[in-house]
Amino acid sequence: MFPFPLERRPPSARAAYRLTVGATLVVWLLPLAAIVLTSFRSQDDLNRGNYWGWPSAAGILDNYATVLLDSRLPQFVLNSFLVTIPAVIGTIVFASMAGFALAKHEFRGSRVLLMTFIGGNLVPFQALMIPVRDLVIALGLYDSRWSLILFHIAFQTGFCTLFMRNFIRDIPDDALDAARVEGAGELTIFWRIVLPLLRPAIAGASVLVFTFVWNDYFWTLVLVQSDDIRPLTAGLQSLRGMWQTSWPLVAAGSLLAAIPPVAVFFVLQRQLIAGLTFGARAAR
Amino acid sequence: MIMQASLALLIAVASVVCDAVAGTLVVNANTADPAPRAAWEELAARFQAENPDIELRLNIYDGESYKKSIRNWLTSAPPDVVYWNAGYRMRQFVGPGLLEDLSDLYTPAVKASIHPSALDLVSVGGRQYGVPYTYYPVGFFYRRDLLQSAGVDEWPRDWEGLVAACVKLKAKGIEPFAIGTRDLWPAAAWFDYIDLRLNGLDFHTELMRGAIPYTDPRVARVLEYWRVLVSTRCFSRNHASSSWQESQALVYTGKAAMMLIGNFIVPNFPADVRDRMEFAPFPAIRPDIGRFEEAPVNTLHIPARARNKDDARRFLAYVLRADVQEALNKATLQIPVNLRSAVAPDRFLAQARDLLAKSDGLAQYFDRDTSEDLASIAMKGFQEFMMYPDRLDSVLAAIERARQRIYGSAPGAGIPK
Amino acid sequence: MRTRHGSSTVILLAPACLLFALFVIYPLLRGVALSFYDWNGVDAKVWVGLGNYRELWADPVFQTALANNLRWLACYAVAPALGLALAVLLHQRLRGMRVVRSLFFMPFVLSQVIVGVVFGWFFHSRFGLLNEILGAVGGPHVAPLDSERWALYTMIVAGLWPQTAYCMILYLTGLATVPDELTDAARVDGAKDPSLLRYVVIPQLRPVHFVVSMVCAVAALRSFDYVMIMTLGGPHNSSTVLGYYMYEQTFLSLRYGYGAAIATVLLGLMSCIVFMLLWHLFYRERS
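Chains as they are written, first to last, in the numbering used here: chain H, 1 to 284; chain E, 1001 to 1417; chain A, 2001 to 2287.
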């Protein structure tokens, strides 16, 4: 367990650790195992009430084939990326900037502003639906990718600003003041000093925002109509039938759709885990 | 930021202008199930081949998303063709002028080729506002072999027969009716049919219109008949937590014998059970009441604010054709509204078609016939009633309170506020 | 705005504030305004003033929904503790840990729809795995989803799975900012591991504690997907929550104004809780 770094402990401790982690992982993933099992089933299995037994041998990979061979899939995936990546970048940049100002610049109303950011993020989506749709139409952005990107940046910035602000607060002022004394402007300080120190926070926030935007379905429904802009979540939703749904197909589709966010998490983990030496902190 | 917004604005405007010029027809459909989706894509391709000057863009949504979006579209930026339902659902949009008058498509020849009830359901004040393309009956799908094993050799002809069949099935340890009320609407079929059989279509229509109180003795009678079945535990256990989809397994595995459901269940029959399944209409209760069936009709419409109405009319006229409806419904295993179209060779479809053709009138299903608000409250009441049949009076009182709030307490008000 | 740093503050704040005001605050205010009307999405809006709120006050379904949200909130208190435990467990630089952590992360990433469906099948009264297991060991037959009392808790259990993954990743982010030097120094001073955890590491995680608490509180109060998939608020409204009730009223019953009133109440409730947490945070920061 953190905080004792296992690489300094004898192999027996490491083995015990791996065993514990392995056991916990198995229990943790049981629901996932159920979902995977479901994705191998045919609808016929479920019609016969076979929810938990072995899937009938016929067509075990049929659901995956149906999803992967769907001609609209590449377009859906591309659309998802085209919305998610700009949204993540925009959110991180704006939220870090605002978080820096709120954390390190004192001004009247900074608390109120922070509370507004948080408060706006609490709103349930359904309440915003009609006003946002009207606004997007008025701006001429209806049925375009930008409507989604801008909305997601706006909404996610609320929470992210708080997140960044809390991290930036922990950066000691001395380092910043030293730079200020040397004549560096605030924006330079932000870019050169604050941002590099924020790497774990940026990594964490990126993963979260990526996942939220990637999995969003509600706003694609409200703001977009054309099939050539709709992202993957809309594609998944269209697997639900009018009277019934092939849950095995949805399971296969959901598992496949989960791969990019997990991949993003996997890649950004180094940032999350590297025991970074904050130059300023070490000097404490 | 500003630059990109202006650019986006420019592109959006440009694309609108370009669309209007190129003869694009935008069609938003709610037929996302695999078979209907393929059928409509096929239909679209053939329409495109016959009309090369039109560029048809078909956007397909799942039913739930579609229901949420259609109001948004109709009141702001609609496509050229929308899919929807006949009857009250359509009339909701006709009132505020959101749908285009399509009477010009209905020449006398066309009118004669459509089932009269279906025609009625797309008309308001003598003018037509929609094009029906399919309907499907709601009836009993049951295991012939299970009934026979319990000594029920013939489908019951009347209410007493139905109750007797239940008693015999229960004696053999088989649950008579499989039902899943988690999604609420399956229970409403029972209310609808008992009401249609006891009180007739006119009464039912008035009730759906909000003109008759739910505490009326004739409505209470419906629940009293229903209570006979509920109290003797004729319905499958734990139905409140099952969807209809989950409850059908009870029939296929022999734990239950019958199910009152739409014929969209037919493709689900496992291969080894199919030959033992039968279809039958709801038995008569009063011999003097006509044969009314529950058969939701699906339709196409043109929004009043659509951009390309001319091409949309061509599309709708195309869908009215007998050959087109035949091909479409053969692929989706439903029943065409055009009386000259044949159905796919399937005994269930053939039976359903005859049933509907011979019926004296059609209802559209509870949640399509009455205000959504009332339907939501009433169907929860039906679920509660099926779990606690003693609460009959309080359930009806609660629905009546909602009816008064929605339709006004003046008798015969009939129009939702 | 008078600030030491002048225009740079404005520049830093401007993009976030502008977008947020335009796409969130303005629609939010219009949404609240809608709660004073009666509207079905198609016909003209009718002013009813506080009528919707008066109706809400007397509405038994609303009261049930509110109570259920509070129960959900109480149960979600488990998620931060569990998430922290997992983060502490997994924060090691051994080989293969990257894959392991990604696997622990998976629940958060999966569509809540399929998670709800599978948990629903687990608890199902006729086909559920739970009943099969209980049957095998001679236990009783259970039907929690049919129960007016227990249906809510099956959904909370389903929701805890991804929610814990969410807390885990927030805590992992926090743990990454605790430098080795700090823990090494403390150990040199003779601190043992459990007390290291308690007195050195956990206090370092204060910025994350706040965020985690807030996120779990908001999730509990905003819960919707599981209700929509597993019970639809049933049996007959016993397991409904404010988020779902609002959805029902807006989209199924087509009472946009009433739905907006529910949304406003929900927003008020969430704001109270979050501002309580915030006040606590500000208080600690000042000291």
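Note that the Cβ used here is the ideal one computed from N, Cα and C, for glycine as well.
- Closer than 7 Å at the beta carbon, the chain E residues around Leu221(H): Ser1065, Lys1068, Ser1069
- Leu32(H) versus Ser254(H): straight-line alpha-carbon distance, rounded: Cα-Cα distance, rounded: 11 Å.
- Task: Starting from Asp2211(A), trace the beta strand (DSSP E) both ways and give me its first and last residue.
- Result: Note that residue 2211(A) is Val in the sequence shown, not Asp. Premise fails: Val2211(A) lies in the alpha helix (DSSP H), 2206-2222, not in any beta strand (DSSP E).
- Query: Does the Cβ-Cβ distance between Phe2108(A) and Tyr2171(A) come in under 7 Å?
  - Reply: no
- Query: Excluding the five sequence neighbours on either side, which residues of its own chain have a C-beta within less than 6 Å of the C-beta of Leu1260(E), listed in chain order?
  - Reply: Phe1140, Ala1189
- Item | Residues that Gly140(H) contacts on chain A, provided the C-beta gap is smaller than 7 Å | Those do not exist, as Gly140(H) stays about 14 Å from chain A at its closest Cβ, beyond 7 Å.
- Considering only the beta carbon of each residue, do Val207(H) and Leu268(H) sit closer than 7 Å? yes
- Query: Cα separation between Leu1102(E) and Ile1302(E)?
  - Reply: Separation of Leu1102(E) and Ile1302(E) (C-alpha to C-alpha, rounded to the nearest whole angstrom) is 8 Å.
- Message: Nearest by alpha-carbon distance to Glu1293(E): which of Val1324(E), Asn1308(E), Lys1067(E), Tyr1365(E) is it?
- Response: Tyr1365(E)
- Message: Helix, strand or coil for Ala1280(E)? Go by DSSP, reduced to three states.
- Response: strand
- Item | As assigned by DSSP and simplified to three states, the class of Asp1275(E) | In this structure, Asp1275(E) counts as coil in the three-state DSSP scheme.
- Assigned secondary structure, Glu1100(E) (DSSP; H/G/I helix, E/B strand, else coil): The answer is coil: DSSP assigns Glu1100(E) none of H, G, I, E or B.
- Would you mind sorting Leu19(H) into buried or exposed? The rule is 16 or more other CB atoms within 10 Å of its CB. The residue in question, Leu19(H), is exposed, as its Cβ has fewer than 16 Cβ neighbours within 10 Å.
- Could you please give the first and the last residue of the uninterrupted alpha helix (DSSP H) stretch that includes Thr38(H)? 30-39 is the span of the alpha helix (DSSP H), which, as asked, contains Thr38(H).
- Going by DSSP, name the residue or residues bridged to Ala1256(E). Glu1175(E)
- Using a cut-off of 8 Å between C-beta atoms, extract the partners of Met2230(A) located in chain H. Ordered by position in chain H, no residue passes the 8 Å Cβ test against Met2230(A), which lies about 13 Å from the chain.
- Query: What residues from chain H crowd round Asn1338(E), counting only those whose CB sits closer than 7 Å?
  - Reply: Here the premise fails: no neighbours, minimum Cβ distance about 21 Å.
- Message: For Met2001(A), would you say it is in contact with chain H, using Cβ-to-Cβ distances shorter than 7 Å as the test?
- Response: Interpretation of Met2001(A) is limited by its pLDDT of 42, a score under 50 that renders its predicted location unreliable; the figure taken from the coordinates is listed afterwards. Yes - at least one Cβ of chain H is within 7 Å of the one on Met2001(A).
- Message: Please state the DSSP three-state secondary structure of Glu1160(E).
- Response: helix
- Is the beta carbon of Ala251(H) less than 7 Å from the beta carbon of Thr38(H)? Going by C-beta atoms, Ala251(H) is nearer than 7 Å to Thr38(H).
- Message: Buried or exposed for Ala274(H), going by 16 or more other Cβ atoms inside 10 Å?
- Response: With a pLDDT of only 49 at Ala274(H), under the threshold of 50, the placement of this residue in the model should not be trusted; the figure read from the coordinates follows. So Ala274(H) ends up on the exposed side.
- Query: Anyone know if the C-beta pair for Val213(H) and Ala87(H) falls short of 7 Å?
  - Reply: yes
- Give the DSSP-derived three-state secondary structure of Asp2038(A) in the structure shown. strand
- Task: Note down the Cα distance separating Tyr237(H) from Asp1062(E), rounded to an integer number of angstroms.
- Result: Checking the displayed sequence, the identity of residue 237(H) turns out to be Gln instead of Tyr. Approximately 7 Å between the Cα atoms of the pair.
- Query: By how many angstroms is the C-alpha of Arg1182(E) removed from the C-alpha of Lys2045(A)?
  - Reply: Here the alpha carbons of Arg1182(E) and Lys2045(A) stand approximately 33 Å from one another.
- Can you tell me where the alpha helix (DSSP H) with Arg9(H) in it begins and where it stops? Run containing Arg9(H): none; DSSP gives neither H nor E here.
- Task: Pull up the CB-CB distance for Arg1403(E) and Tyr1214(E), whole angstroms please, since I reckon it's below 8 Å.
- Result: 6 Å
- Proximity winner among Asp134(H), Gly119(H), Ala205(H), relative to Ile89(H) (alpha-carbon distances): Ala205(H)
- Query: With Thr1107(E) and Ile1335(E) assumed to form a contact (beta carbons below 8 Å), what rounded beta-carbon distance in angstroms separates them?
  - Reply: About 23 Å separates the two Cβ atoms, so there is no contact after all.
- Which residues in the same chain as Leu1198(E) place their Cβ atom closer than 8 Å to its Cβ, once the five residues preceding and following it in sequence are excluded? Arg1218, Arg1221, Val1222, Tyr1225, Ile1285, Arg1286, Ile1289
- Spatial neighbours of Asp70(H) within its chain, please: CB distance less than 6 Å, with the 5 preceding and 5 following residues excluded, ordered by chain position. none
- Message: Is there a Cβ of chain A sitting closer than 7 Å to that of Asp1033(E), yes or no?
- Response: no
- Give a yes or no on whether the C-beta atoms belonging to Pro1186(E) and Ile1179(E) are separated by under 7 Å. yes
- First and last residue of the uninterrupted beta strand (DSSP E) at Phe1203(E): Looking at the DSSP string, Phe1203(E) is not in any beta strand (DSSP E); the run it does join, the alpha helix (DSSP H), is 1185-1208.
- Could you tell me if Arg2286(A) is buried or exposed, where buried requires 16 or more neighbouring beta carbons within 10 angstroms of its beta carbon? exposed
- Task: Could you give the DSSP three-state label for Val1021(E): helix, strand or coil?
- Result: In this prediction, Val1021(E) scores a pLDDT of 42, lower than 50, which makes its location untrustworthy; the coordinate-derived value is nonetheless stated afterwards. Helix.
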